[in-house]
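If you count the sequence shown from 1, you need to add 104 to reach the working numbering. Right, one structure below, let's go through it.
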Amino acid sequence: MTETRDWNELERRHRAFWACEPADRPLIGVVYDAYVDTELTARAMGQGELSPDSIDPGALLSEYDRVAAARELIGDDMVAVAECLLGVPWLEAMAGCRVLVPEGKSLWPGQPLDPTARTSINFSSDNPWFRKLMAVMQTVIEHVEGRYAVSFSHLRGPADILIALLGSEGLFYTMFDDPGAITRLAAEAAQLWQHVARAQAKILPRYRGGYGVRQFGLWAPEAAPWLQDDTSSMMSEAHYRQFFLKPFRRISSFPFGTLHLHIPSLHLAETLASVPNVRAMNFYFDSQTITLQDAMPTLRKLQALKMPLILAREVFFGFSLDEYEEIMDGLSPAGLMVHMKADSVEEGRGVMAYISEKSKTAKPNLAREKTS
C-alpha cells in the first residue's frame with residue numbers, strides 16, 4: 105500500500121480529537137468503499153449453520169488490502185484498519201449460540217438448541233470459536249505485516265450476548281421473573297468479554313505507535329476496543345442500570361474504549377459517558393423518529409464534558425453535505441468526527457475539498473463557543 109497522506113498531520117488531528125483540542129474542522133471519514141467480508145463469508149458457506157472449522161480467512165485477506173488502499177485515494181482523515189471477520193458473532197458463539205447464515209447473505213446468532221446452555225456461560229480457552237478467532241487474527245496480522253492497523257474484533261456487550269442466548273422475550277421476561285439469573289448471566293458475559301479482549305490485546309501489534317479502532321478509521325495512542333450494548337435501546341435507563349451497567353463497567357477496561365450506540369440508546373448516553381475508560385462515543389442516526397436536532401441537546405452536553413463524538417448515518421453510510429452543515433451549526437469541531445457519504449473516489453474528493461474550503465471561512469457560533 106502506497107501512502108499518499110502526511111502521517112504527521114494525520115496523527116496531529118487524531119491526537120487533537122482525543123484531547124478535544126480546538127480544530128478548524130472535524131475529523132472526516134468519507135464512506136464510499138467498505139468491507140464486505142461478512143457477505144463473502146456468508147456466501148462461501150451458503151445457507152445453514154456456520155461452524156468454526158469451516159472458516160478460512162485466506163480468501164478474505166485481499167479484502168483488507170482492497171479497503172486499505174481505498175483509504176488513501178480520497179485524502180480524508182481515516183486510517184486503514186483491518187478487523188477480523190466483521191459480522192461473525194464471536195462472543196455469542198463462544199457463549200453457546202449457533203451461528204446462522206440466513207439465505208447465505210448474512211451471519212446471525214441463534215439460540216442454543218440445548219436449554220441448559222441458556223442458564224450459564226461456561227467458557228474455557230479450549231472453546232473452538234475462541235481458538236478460531238485467535239487463529240484468524242494471527243493470520244491477518246501476519247498478512248498485514250504492519251502496512252496498516254489491525255484492530256480488536258467485533259465484541260458485543262453483555263446485554264447483546266444475553267438477548268442472543270435467551271431471545272428477546274426470554275431476556276425481558278426473565279428480567280422480571282428471575283432477576284438474579286440475569287445479574288449472574290450478565291456478569292458471566294462480561295467475564296467472557298474480558299477474557300477474549302485481553303487475549304487479543306496480547307497479540308495485536310502497534311501501528312505507528314498506537315492502535316486502529318475498527319471501522320471508525322481512528323488512530324489511538326493506546327489499546328482501543330470497540331464497546332457496545334445495542335440491546336440497551338430496548339430498555340429503560342433504570343433497567344439498564346439495574347442489570348447491565350456494572351457488567352459494562354467491567355468490560356470498559358482499556359484506556360481508549362470507543363463506545364458505539366444506535367441513536368435509540370440516546371437516553372443512556374450521559375450515563376454511559378460517565379463510565380471510566382469510555383474515551384469517545386459513536387452515534388448511528390439510523391432511526392426514523394430521532395433527528396439530528398432531537399439529539400443536539402445531548403450531544404452538546406457530551407461535548408461540554410469533553411467527550412469526543414463520532415457521528416454517522418449508520419454502518420458504512422455517512423451524512424450528506426446538507427446534514428454536515430446542520431451538524432456544524434450545532435456542534436464544535438473540537439473532539440468531533442463526522443462520516444460523510446460518497447459514491448465514488450471523485451465524489452469523495454469533492455466532499456473533502458468542500459469541507460476544507462468551508463473550514464477556512466467558518467465562524468464560531470454560540471453552540472461552538474459554549475462547548476469549545
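Ideal Cβ placement from N, Cα and C applies to all residues, glycine included. Just so we're clear, the structure is a prediction, and the values are computed from it rather than from any experiment.
Exposure label - residue i; buried when at least 16 CB within 10 Å
i    : result
W111 : exposed
L217 : exposed
N386 : buried
K410 : exposed
G313 : exposed
E461 : exposed
Y277 : exposed
D333 : buried
N231 : buried
P437 : buried
R302 : exposed
A146 : buried
R222 : buried
I132 : buried
I307 : exposed
R472 : Below a pLDDT of 50, predicted positions are generally treated as unreliable, and R472, at 47, falls in that range; the measurement from the model is reported next regardless. Buried: at least 16 other Cβ atoms inside 10 Å.
R170 : exposed
T335 : buried
Three-way DSSP call (helix, strand, coil) for residue i in this model
i    : result
T362 : strand
F256 : coil
V300 : helix
K100 : Because the chain is modelled from 105 through 476, residue 100 falls outside the range shown and cannot be assessed.
A173 : helix
M198 : helix
L94  : In the structure as shown, the chain begins at 105 and stops at 476. Residue 94 is therefore absent and cannot be evaluated.
G454 : helix
F348 : coil
I489 : Residue 489 lies beyond the residue range present for the chain, which begins at 105 and ends at 476; the question has no answer from this structure.
A466 : coil
R109 : coil
Y388 : strand
R129 : coil
Y311 : strand
L376 : helix
A184 : coil
I459 : helix
Per DSSP, the bridge partner or partners of residue i
i    : result
Q332 : H364
W323 : G316
E477 : Nothing can be reported for residue 477, as the shown portion of the chain is limited to 105 through 476.
F423 : M444
V135 : K445
V382 : G361
When the options are compared against residue i, the one with the closest alpha-carbon
i    : options                : result
T465 : G214, R202, M432, L204 : M432
T220 : A285, E176, A146, M338 : A285
F280 : Y344, E153, I459       : Y344
R383 : R119, T393, R109, L114 : R119
D264 : A172, M338, R302       : M338
E451 : R147, K410, R109, D180 : D180
D447 : A163, G162, S155, I178 : I178
R353 : H371, S369, L370, L376 : L376
G361 : T287, G261, D282       : G261
D426 : M400, I459, A294       : I459
L415 : Q392, A408, G439       : G439
E484 : G422, N381, G214, F227 : This structure does not reach residue 484, given that the chain is present from 105 up to 476, and the question cannot be answered.
S463 : Y428, H443, H247, K445 : Y428
Test: residue i CB closer than 8 angstroms to a CB of chain D
i    : result
L289 : No chain D is part of this structure, which consists of one protein chain only.
Continuous beta strand (DSSP E) assignments of at least 3 residues falling wholly in the segment 202-272:
Listed in chain order, they are 202-205, 212-214.
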